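Just so we're aligned: the sequence shown equals residues 1 to 159 in the UniProt record's numbering.
This report concerns only the one structure given below.
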Amino acid sequence: MLDLDAQGRKPLLMVLDNLQDPGNLGTILRAGEAAGVTGVIMSHDCVDIYNPKVIRSTMGSVYRMPFVYVEHLPETLEVLAEAGIHSYAAHLKGKNSYDQEDYTRGTAFLIGNEGNGLRDEVADVAECYIKIPMCGEVESLNAAVASSVLMFEAARQRR
Numbered sequence: 001m002l003d004l005d006a007q008g009r010k011p012l013l014m015v016l017d018n019l020q021d022p023g024n025l026g027t028i029l030r031a032g033e034a035a036g037v038t039g040v041i042m043s044h045d046c047v048d049i050y051n052p053k054v055i056r057s058t059m060g061s062v063y064r065m066p067f068v069y070v071e072h073l074p075e076t077l078e079v080l081a082e083a084g085i086h087s088y089a090a091h092l093k094g095k096n097s098y099d100q101e102d103y104t105r106g107t108a109f110l111i112g113n114e115g116n117g118l119r120d121e122v123a124d125v126a127e128c129y130i131k132i133p134m135c136g137e138v139e140s141l142n143a144a145v146a147s148s149v150l151m152f153e154a155a156r157q158r159r
């Protein structure tokens, strides 16, 4: 498992459920390093982190970002909750705007598959469903874009 006391900082984790696009994973790793993410947890069926497109798009962040693949995300999220990590599911059913939550404590953001979102069994374990308010007729954002918005909001709050 990841070190949940990374360099004395409150954990800021990305939890990725069945992400399939290598470019998205690479972008999340790169933006995550820039935003101070302390680790990435991926379901066993996520794209391979050593996919050449992932490697290229991270610009080296893949070698510096702690990560782990897990067989059962819901159980992993329960362990994180027991360790005091608060989980926030980026979800179309989110009632709370992402910028109204407190990410200064141990935080895990849950991001789902590009086409289907989070699986119910993963989303159901989240402490809170959050949304990114949008204008126009846009229903959702790309997984990497949504992740970046969330990671940098947490970084802003932690400054």
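All C-beta atoms, glycine included, are put in the ideal place defined by N, C-alpha and C.
All figures in this text were calculated on a predicted structure; none of them were measured in a lab.
For residue i and residue j, what's the separation of their Cα atoms in angstroms?
i           : j           : result
residue 70  : residue 80  : 13 Å
residue 148 : residue 155 : 10 Å
residue 56  : residue 118 : 26 Å
residue 21  : residue 53  : 9 Å
residue 15  : residue 48  : 15 Å
residue 135 : residue 61  : 32 Å
residue 88  : residue 104 : 13 Å
residue 4   : residue 33  : 16 Å
residue 141 : residue 83  : 30 Å
What did DSSP end up calling residue i once you bin it into helix, strand or coil?
i           : result
residue 60  : coil
residue 14  : strand
residue 111 : strand
residue 151 : helix
residue 70  : strand
residue 40  : strand
Residues in the same chain with beta-carbon distance under 7 Å from residue i, minus the five sequence neighbours each way, listed in chain order, please.
i           : result
residue 76  : 41, 70
residue 113 : 17, 18, 19, 20
Would you grab the beta carbon distance between residue i and residue j for me? Rounded to a whole angstrom, and I think it's under 8 Å.
i           : j          : result
residue 152 : residue 35 : 5 Å
Just checking: is the beta-carbon of residue i within a distance shorter than 7 Å of some beta-carbon in chain C?
i          : result
residue 42 : This model lacks chain C altogether; it includes just one protein chain.
(Q) I want to know whether the region 62-76 touches the region 36-49 - three or more CB-CB distances under 8 Å. (A) yes
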